[in-house]
Amino acid sequence: MNSSHTASEGVSPPEPLQDDITAQWMLDPEIVFLNHGCFGARPRSVLEAQIHRRHEFEASPIEYLDRHRDGLIQQARTRLGGFLKASVDNLAFVTNATAGINAVLRSTQFDPGDEILTTTHVYNAVRRTLELVARERGATFREVPVPFPLHSSAQIMDAIHAALTARTRMLIVDHVTSPTAVVFPIKQLIALCEQQDIAVLVDGAHAPGMLDVDIEALNPSWYAGNLHKWVSAPPGAAFLWARPDRQLGIHPPVISHFMDEGFVAEFNWQGTRDISPWLCVDEALSYFERFSWKAVRGHNHELATWVQQLWTQRWGVPPTTPLDGSMIGSMTTVALPEIPPRYEEPMQLQRELWDRWQIEVPIIDWNGRWWIRASCQIYNRPQQYELVADAITELLF
Ligand SMILES: Cc1ncc(COP(=O)(O)O)c(C=O)c1O
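Residue numbers (the working numbering): 20 to 416.
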């Protein structure tokens with residue numbers, strides 16, 4: 020417990036896992052980086068591993084990318100499978116979560132009248148993909164309104180349960196939502212849909228590294244996740260998991276030589292590309308394992324819970340989820356106080372925080388209100404969030 024940071028009632032922020040962690044990361048120590056959730060950030064060791072991989076490729080391109088490719092990717096998938104508790108046969112690499120989601124949606128045969136369902140918390144790029152797929156196939160696309168603020172997971176379950184119909188073919192649901200940073204009860208949602216023979220595509224862009232993900236136990240139809248966010252692998256590292264009965268006919272977004280030769284074969288070769296991000300997942304996992312994943316997740320969650328209390332109480336705004344942290348992981352979205360009319364769009368406020376304090380934090384316009392989302396990673400410190408509390412007070416009150 021750290022007695023110097025008791026600005027919020029109830030919880031205290033966690034002790035750092037190690038004193039000099041910031042020096043292990045590529046981030047500029049002068050900036051206040053509170054947006055790990057967007058593109059992640061990398062430890063130095065991960066960038067070094069990637070440079071090494073690129074040297075290997077450049078030294079002997081054919082040997083590396085032709086003859087060694089499948090073996091190298093197999094090793095990387097096995098390592099990732101151990102982390103996600105996923106069978107290696109069900110796991111393929113993609114370049115980002117959007118690509119994994121596109122692969123599933125654009126490979127699935129929807130008929131006119133079929134309904135594709137998601138929630139109002141959906142990530143906008145996924146929404147746009149759903150709009151296109153529905154338009155092309157004559158299917159219906161519907162966003163179920165899930166309230167926010169939320170006081171319990173039961174509200175999410177009830178809203179989605181009530182929206183399922185005999186025509187619902189697929190539910191696309193976030194494991195951790197982007198604008199609102201809520202952990203959805205996906206285990207229960209998958210079970211509910213399974214009973215009604217509705218396929219579930221989980222958008223797990225934020226979950227690996229933030230939550231203890233056991234994909235085979237969750238057993239959705241498909242699960243797409245990013246590794247550049249909370250696993251801190253290089254951008255370009257992401258995966259698609261597909262249950263054995265849901266692999267047939269799923270093609271990567273880029274069709275290439277191995278079309279129809281099996282899920283893994285097709286995804287292993289998506290045209291000539293830099294596979295170093297996939298191969299560096301190993302080093303990214305090893306970096307966090309030095310602290311233990313339990314300690315990393317625990318630190319980040321405790322910090323996010325403390326930040327949620329700090330900002331909510333400091334600005335006198337309604338809590339977005341229970342202040343005990345039971346519905347969040349390592350991010351929290353907090354309501355901003357009333358916005359003075361001189362701010363016409365969120366980017367202005369975000370820009371001002373950056374220009375005046377070098378604070379990098381997203382300001383989000385969602386569902387008729389402005390919100391601020393904090394990410395908490397092991398290099399972050401409580402003082403950084405106190406600085407935001409003060410800066411917002413100075414700008415908005
Ligand atoms: C919930 C969610 N889904 C999908 C994505 C897309 O990730 P990417 O741009 O890496 O494909 C994001 C990115 O932030 C996200 O937050």
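Here a beta-carbon is modelled for each residue, glycine too, at the ideal position from N, C-alpha and C.
In this text the structure is predicted, and so the values were computed from the model without any measurement.
Buried versus exposed, by CB contacts within 10 Å (16 or more), residue i
i	result
G56	buried
S311	exposed
T117	buried
N143	exposed
D47	exposed
S27	In this predicted model, S27 has a pLDDT of only 48, less than 50, meaning its place in the structure is not dependable; the value taken from the coordinates is given anyway. So S27 ends up on the buried side.
F416	exposed
E302	buried
S79	exposed
V30	buried
K313	exposed
Q215	exposed
L372	buried
I209	buried
G290	exposed
A393	buried
Integer Cβ distance of residue i from residue j, believed to fall under 8 angstroms
i	j	result
N121	A257	With a Cβ gap of about 11 angstroms, N121 and A257 do not count as contacting.
T352	W390	5 angstroms
V113	L259	5 angstroms
I274	S126	Contact flag wrong, Cβ pair sits at about 10 angstroms.
V221	H194	5 angstroms
Test item: CB-CB of residue i and residue j under 8 angstroms
i	j	result
V111	F282	The amino acid at residue 111 is misidentified as Val; the sequence shows Ala. Yes; because the gap between Cβ atoms is below 8 angstroms, this pair is in contact.
P33	L342	no
G244	P263	no
F485	L406	The displayed coordinates of the chain run from 20 to 416. Any statement about residue 485 would go beyond what the structure contains.
E213	S106	no
I191	L237	no
T137	P164	no
F277	R188	no
P254	F58	yes
L329	Y242	no
R98	V315	no
N319	I397	yes
S251	V51	no
P62	Q43	yes
L183	I217	yes
Cutoff 8 angstroms: residue i Cβ touching any chain B Cβ
i	result
A236	Here there is only one protein chain, and chain B is not present.
Proximity test, residue i beta-carbon vs ligand 2 heavy atom, cut-off 7 angstroms
i	result
H225	No copy of ligand 2 occurs in the structure displayed; its ligands are ligand 1 alone.
Can you find at least 3 beta carbon pairs, one from the segment 366-378 and one from the segment 342-351, that sit closer than 8 angstroms? In this structure the segment 366-378 does not lie against the segment 342-351, because fewer than three pairs of beta carbons, one per stretch, are closer than 8 angstroms.
Can we say the segment 68-75 touches the segment 281-299, given the rule of at least three CB pairs closer than 8 angstroms? Taking 8 angstroms as the limit for Cβ pairs, the verdict is that the segment 281-299 does touch the segment 68-75.
Are the segment 215-233 and the segment 82-94 touching by the rule of at least three beta carbon pairs closer than 8 angstroms? no
Within 8 angstroms, do at least three Cβ pairs link the segment 192-203 to the segment 152-163? Between the segment 152-163 and the segment 192-203, the count of C-beta pairs closer than 8 angstroms stays below three; the two stretches do not touch.
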